[in-house]
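The next block holds one structure in the form of structure tokens; read it before the comments.
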Amino acid sequence: MSGEQIDIIKARVRGASHKLKGIECQDSFKISQMGEVTVLAVADGHGSDSCPHSRTGSEIAVNVFHSLMKKYCLVYSHDADSPKTLEAYFKREGNHAIAKAIENEWKSRVENNYRKRLGSGNLGDAKILPQIWKLHGTTLLGLVITPTFYFAFRLGDGDLLCINHDGVVSDLVIDEKILGVETHSLSRENAWEKSRTSTISTGEMDVGRNFAFMLSTDGFSNSYPTEEAFYRTCLDYYSAIKEHGAEIVQKNLRKWLEETSKDGSGDDITVLFAVV
Amino acid sequence: MAGLKRPGGELSSRPLHFIWMVDCSGSMFGEKIGTVNHAIQDTIPEMLDAANNNPYAQLLVRTLRFSDGASWVTTTPTKIEEFAWSDLEADGVTNLGAALNLLSAQLTIPPMSDRALPPVIVLLSDGQPTDDYKTELSKLLSLPWGKKAVRIAIAIGGDADKEVLAEFTGNKELVLEAKNREMLVKMIKWASTAASMVSSPASQSVDRESTAVTDSDTPLMVDLDTLPSLGADDADVW
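Take a look at the structure:
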């Protein structure tokens, strides 16, 4: 896929139930391109009463993912061996050093942000730090697209899918399904242990010439009665992109997601497509 | 092309199953079962109002009775808009195990959806189980939705086995004591509001430390501060 254009389609809508209750949207997303590398991230702040700063937490999460991925990927085009070295590093350290770095950087930025906002001095008391992290609880989904490999990161709920031209929808990172309204969170101690990653060589993916990645918060999938209905819907979105073009879908996406939240889960919904 | 139709299938709010599980043994005969019948009937309009205020959860109600064996009074999950209470009669023994067995069959996936909100189960009993409830309770609590369900019990009168009910709820605070008619009405009314507490939840971190009030695996999704106080209503005791 070297040198090929990646179309990005994106939208975030405030949940219908959040509008009803006057609650802000707690989802955040960020997309950036650095040479041949594209980085996408989506985060869903928990929004429960015990997490009043979860919107800030989700913003920090997507920023942290971008900062760290950019730092790692700076070496991507350094020389002919760099992509292979980098891919090997992601494969080896995705669930360890990289996941720990994401957790540590998020917690550090959360503490700094909280200190600035409250003007409080020393927050170094280990007893209160977990409480501060909890106030900002969020999930995080991230994807790095390079010409030679893909790196997918998940901590918490939401969907990170690949949709191919043959109508196959597959999870990029498999994780345990947690029933109800609970999710893994960056705010937990040793949150990195609950993260899941996958690093896939472009040659390994049997997806044909055209395909799309999709990142979405759980408000999207929870608006459909079954997993099958949700996957069919993802495929329908991809078909709409192929039939009408990315620009037309982009124009309509926000309206469709508003309708999805209103007649579905009522939750905030963020959806990003990267069409390769 | 800006007016393109939304891709994808039919949308759906998340189902919320609410189950009344009622002891209909002989000791419930008379005022106790009469009060249960009237009080639950009276909660329906309030549950309907709460459901109308939250269109993002689909409240499905049904009733499970147990005495000599157990059976579903409402055979399928029924929308609160269509739910009608059928008066229960009391006679026989207390086959709680048989009721838990029927409950387990309905809390597996399928027929339960993995996209549902945590189900709410309210168990009302005035006595002690007469069958092997332990095996069936353990089976229920081994199910993903069995563990996640919000389990509330109402102990009716002084003979109710509160230890057994606490085993069911996994949390002694969720065993509500109703020593007389007035308290039973209040507790049934409070339990019915659990549906609205569960129906509009925000996501929360899997964090057992934050749920220290409960000794179960379930996040405490109901507000115990709103529980009716025992007050002076304990004048007439069953």
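Protein sequences appear in the order of chains A and B. Residue 691 is where the first sequence starts when you use our numbering, and the numbers rise one by one after that. Residue 5 is where the second sequence starts when you use our numbering, and the numbers rise one by one after that. All residues carry an ideal CB built from backbone N, CA and C; glycine is no exception.
Is residue j closer than 8 Å to residue i when the C-beta atoms are compared?
i                 : j                   : result
proline 123(B)    : alanine 153(B)      : yes
alanine 701(A)    : leucine 947(A)      : yes
glycine 954(A)    : serine 929(A)       : no
glycine 956(A)    : serine 707(A)       : yes
serine 875(A)     : serine 209(B)       : yes
isoleucine 822(A) : glutamate 793(A)    : no
isoleucine 84(B)  : leucine 107(B)      : no
glycine 825(A)    : cysteine 715(A)     : The residue you asked about is not glycine; residue 825(A) is leucine in the sequence shown. Going by C-beta atoms, leucine 825(A) is not nearer than 8 Å to cysteine 715(A).
tyrosine 678(A)   : threonine 836(A)    : Here chain A has residues from 691 to 966 only, and residue 678(A) is not among them.
serine 203(B)     : asparagine 58(B)    : yes
isoleucine 160(B) : alanine 195(B)      : no
alanine 94(B)     : cysteine 28(B)      : yes
alanine 54(B)     : leucine 121(B)      : no
leucine 64(B)     : phenylalanine 22(B) : yes
leucine 969(A)    : alanine 733(A)      : Because residue 969(A) is not part of the residues shown, which for chain A are 691 to 966, the question remains open.
leucine 188(B)    : alanine 43(B)       : yes
Does any residue of chain A have a CB that is nearer than 8 Å to the CB of residue i?
i                 : result
proline 11(B)     : yes
arginine 18(B)    : yes
arginine 212(B)   : Caution is warranted here: a pLDDT of 47 is assigned to arginine 212(B), below 50, making its placement in the model unreliable, and the coordinate value is therefore given only provisionally. It does not; no Cβ of chain A falls within 8 Å.
lysine 166(B)     : no
aspartate 229(B)  : no
proline 115(B)    : no
serine 71(B)      : no
arginine 119(B)   : yes
glutamine 208(B)  : yes
leucine 8(B)      : yes
leucine 15(B)     : yes
valine 217(B)     : Any reading at valine 217(B) must be qualified, since the residue scores a pLDDT of 33, below 50, and its modelled position is unreliable; the value itself is stated next. Output row for valine 217(B): interface = no.
tyrosine 60(B)    : yes
proline 148(B)    : yes
tryptophan 242(B) : no
proline 232(B)    : no
lysine 152(B)     : yes
proline 122(B)    : yes
serine 220(B)     : The predicted position of serine 220(B) is uncertain, since its pLDDT is 46 and thus under 50; a value taken from the coordinates is nonetheless stated next. Output row for serine 220(B): interface = no.
Determine whether the Cβ of residue i lies closer than 8 Å to any Cβ atom of chain B.
i                 : result
tryptophan 796(A) : no
histidine 743(A)  : no
aspartate 697(A)  : no
threonine 960(A)  : no
threonine 950(A)  : yes
isoleucine 938(A) : yes
alanine 919(A)    : yes
threonine 746(A)  : no
aspartate 926(A)  : yes
leucine 825(A)    : no
glycine 870(A)    : yes
Using C-beta distances below 6 Å, list every residue in its chain close to residue i, excluding the 5 sequence neighbours before and after it, in chain order.
i                : result
arginine 886(A)  : Arg844, Val863 and Asp865
threonine 134(B) : Val97 and Thr98
threonine 67(B)  : Trp24, Val77 and Thr78
aspartate 165(B) : Gln132
lysine 790(A)    : Trp882
Pick helix, strand or coil for residue i, following the three-state DSSP scheme.
i                 : result
arginine 18(B)    : strand
valine 210(B)     : coil
isoleucine 699(A) : strand
tyrosine 914(A)   : coil
alanine 930(A)    : helix
methionine 25(B)  : strand
alanine 164(B)    : coil
asparagine 184(B) : coil
arginine 10(B)    : coil
methionine 191(B) : helix
valine 202(B)     : helix
isoleucine 868(A) : coil
methionine 116(B) : coil
arginine 805(A)   : helix
valine 863(A)     : coil
serine 885(A)     : coil
For residue i, which residues from the same chain have a beta carbon less than 8 Å from its beta carbon, with the 5 sequence-adjacent residues on both sides left out?
i             : result
serine 220(B) : Confidence at serine 220(B) is low in this model, with a pLDDT of 46, below 50, so the placement of that residue should be treated as unreliable; the coordinate-derived value is given next. Correct list, in chain order: Lys151, Arg155, Thr173, Gly174 and Asn175.
Leaving out the 5 sequence neighbours to the left and right, which residues in its chain are closer than 7 Å to residue i when beta-carbon positions are compared?
i                 : result
alanine 936(A)    : Asp697, Ile699 and Val965
lysine 190(B)     : Pro232
methionine 724(A) : Lys760 and Cys763
leucine 141(B)    : Leu104, Glu171 and Phe172
threonine 838(A)  : Pro773, Glu777, Ser891 and Thr892
threonine 923(A)  : Tyr914
histidine 756(A)  : Lys720, Ser722, Val729 and Ala731
Whole alpha helix (DSSP H) elements within the stretch 49 to 105 of chain B, 4-residue minimum: List check, alpha helix (DSSP H) in window: nothing returned.
What ranges does the beta strand (DSSP E) occupy inside the stretch 713 to 797 of chain A, keeping only unbroken runs of at least 3 residues that lie completely in it? With a minimum length of 3 residues, the continuous beta strand (DSSP E) runs that stay inside the stretch 713 to 797 of chain A are 717 to 724 and 727 to 734.
3 or more residues per run - each beta strand (DSSP E) lying fully within the stretch 119 to 157 of chain B: Whole beta strand (DSSP E) segments, 3+ residues: 124 to 129.
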